[in-house]
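Right, one structure below, let's go through it.
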Amino acid sequence: MNIVTITTDMGLNDHYVAALKGAMYKVESKLQIVDISHNINPFNIAQASFYIKNCLKDFPAGTVHLVGVDSEPIVNFGDPDAGAFPSFIRYRDQYIVATDNGIFSLILGNDEAEGMWNIDNVLSNPKLMKFPTKNILAPTAVALAQGVNPEDLGSEKTTIRRAVVANPVIEPNVLKGRVIHVDNYGNLITNITKEDFDRMGKNIPFTIFFRKKEYYIDEISAGYNEVPPGERLAMFNDTDNLEIAINKGTPGNGGGANSLFGLRVGDVIRIEFSPRGSKTTLESLF
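At position 108 of the sequence shown (counting the first as 1) the number is 107 in numbering that gives the first Met the number 0, and the numbers step up by one without a gap.
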């Protein structure tokens with residue numbers, strides 16, 4: 000029996016998550032369910048994709064990821080590309096089950112899926128639409144975990160709905176990205192990757208600027224404890240995203256990086272690199 004992860008925007012104050020799990024256990028009592036998060040902001044597929052793509056590598060082949068965020072299907076027979084159909088894809092030897100509302104494209108990025116299917120025989124039953132995550136997506140996720148062939152559950156398709164995503168911008172001697180997530184510690188996780196950073200060149204002096212210009216960082220740390228508690232730092236985290244943090248500066252302990260720098264999701268992070276041949280670079284040679 001393979002693992003099924005669940006990511007939803009249902010929260011934990013209502014009965015929805017319990018009903019979803021109960022329906023899944025009713026079909027397969029030996030199911031192994033792992034909660035990724037139920038605190039996704041309502042309908043925020045970008046946030047959901049961030050959570051999922053950053054833990055895919057930690058799950059074994061055959062894992063099924065059920066995503067219940069903005070999951071109500073949209074039927075548009077006049078323009079199928081404008082619709083959002085219950086679907087699933089195979090990626091990195093794992094399955095992702097969701098309504099095709101753009102989330103697959105956010106998870107895949109520039110990668111290609113190993114297979115894509117629309118879930119069959121669901122749109123003709125209006126009752127299923129009342130709780131599509133439980134009534135449409137979950138049965139497919141359980142069946143995949145049981146080892147049912149994907150061809151027996153859906154019809155192959157060749158395209159997925161695309162969602163717009165903001166990528167880092169590279170300009171002469173400047174790299175601009177955005178905060179894409181604020182974690183529980185108040186750390187700011189950006190869409191700038193180590194690959195983006197290294198593309199600007201090796202061993203070039205740089206300065207990371209924020210909204211409050213009196214704060215800046217001009218070095219990359221290997222871990223939080225490379226600076227004293229309460230000090231700011233920049234590091235590439237476990238997923239190789241640039242992270243801005245305050246060592247042990249949680250919201251309840253003096254404030255995290257988000258409150259100190261006055262930043263939130265969507266705000267710009269600017270990195271300025273000293274041009275080759277500049278005084279700073281020349282002095283570093285002696």
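Just so you know, even glycine gets a beta-carbon here, dropped at the ideal spot from N, CA and C. Keep in mind it's a predicted model, so treat the numbers as computed, not measured.
With H, G and I counted as helix, E and B as strand and the rest as coil, what does DSSP make of residue i?
i, result
"ILE162", "Just to set this straight, residue 162 is Ala in the shown sequence, not Ile. Three-state DSSP puts ALA162 in coil, outside helix and strand."
"LYS247", "coil"
"ILE88", "strand"
"ILE135", "helix"
"SER36", "strand"
"LYS29", "coil"
"VAL16", "helix"
"GLN46", "helix"
"GLU282", "In this prediction, GLU282 has a pLDDT of 48, which is less than 50 and means its spatial position is unreliable; nothing more can be read from the coordinates."
"VAL267", "strand"
"VAL141", "helix"
"TYR215", "strand"
Using the C-alpha atoms, what's the distance from residue j back to residue i?
i, j, result
"ASP110", "SER48", "14 Å"
"LYS156", "MET0", "27 Å"
"SER104", "PHE260", "31 Å"
"LEU143", "PRO149", "7 Å"
"THR85", "MET23", "Before going on, a small fix: residue 85 reads as Pro here, not Thr. Taking the straight line joining both Cα atoms gives about 17 Å."
"GLY292", "ASN53", "The requested residue 292 is not part of the displayed model; the chain covers only 0 to 285."
"VAL33", "ILE39", "15 Å"
"ASP119", "ARG160", "18 Å"
"PRO227", "ASN246", "7 Å"
"ALA83", "ASP57", "29 Å"
"ASN134", "ASN224", "47 Å"
"PHE285", "PRO204", "Note that PHE285 scores 39 on pLDDT, short of 50, meaning its location in the model is unreliable; the coordinates nonetheless yield the value given after this. Between PHE285 and PRO204, the C-alpha separation is close to 15 Å."
"MET199", "MET115", "36 Å"
"ASP237", "LYS129", "38 Å"
"LEU232", "THR132", "40 Å"
"TYR215", "THR206", "7 Å"
"LEU187", "ASP197", "20 Å"
"LEU152", "ASN117", "8 Å"
Quick one: what's got a C-beta closer than 6 Å to residue i's C-beta in the same chain, skipping five residues either side?
i, result
"GLY176", "PRO167, THR189, ASN190, ILE191 and ILE268"
"VAL141", "MET23, VAL26 and GLU27"
"SER283", "At SER283 the pLDDT is 48, less than 50, meaning the model places this residue with poor confidence and gives no usable figure here."
"ASP13", "none"
"ILE88", "ILE95, PHE103, ALA112 and MET115"
Which same chain residues, not among the five before or five after residue i, have their C-beta less than 7 Å away from its C-beta?
i, result
"LYS193", "PHE235 and ASP239"
"ARG91", "LEU55"
"GLY265", "ARG177 and VAL178"
"ALA137", "LEU19, ALA22, MET23 and LEU65"
"ARG210", "PHE260, GLY261, LEU262 and ASP266"
Here's the rule: buried if 16 or more other CB atoms are within 10 angstroms of the residue's CB, otherwise exposed. What is residue i?
i, result
"ALA256", "buried"
"ASP217", "exposed"
"VAL121", "buried"
"TYR94", "buried"
"THR139", "buried"
"SER70", "buried"
"PRO72", "buried"
"ASN202", "exposed"
"LEU11", "exposed"
"PRO248", "Here residue 248 is Gly; the residue named in the question, Pro, does not match the sequence. With 16 or more other Cβ atoms within 10 Å, it is buried."
"ILE51", "buried"
Is residue i close to chain B, meaning its C-beta is less than 8 Å from at least one C-beta of that chain?
i, result
"ASN100", "The chain inventory of the structure shown lacks chain B, comprising one protein chain alone."
Using a Cβ-Cβ cut-off of 8 Å (strictly less than) and excluding sequence neighbours within five positions of residue i, which residues of its own chain qualify?
i, result
"HIS37", "ILE5, THR6, THR7, ASP8, MET9, GLY10, LEU11 and VAL16"
- Item | Contact between the region 99 to 117 and the region 38 to 53 (3+ Cβ pairs under 8 Å) | yes
| Can at least three beta-carbon pairs, one atom from the region 56 to 69 and one from the region 4 to 23, be found at a separation below 8 Å? | yes
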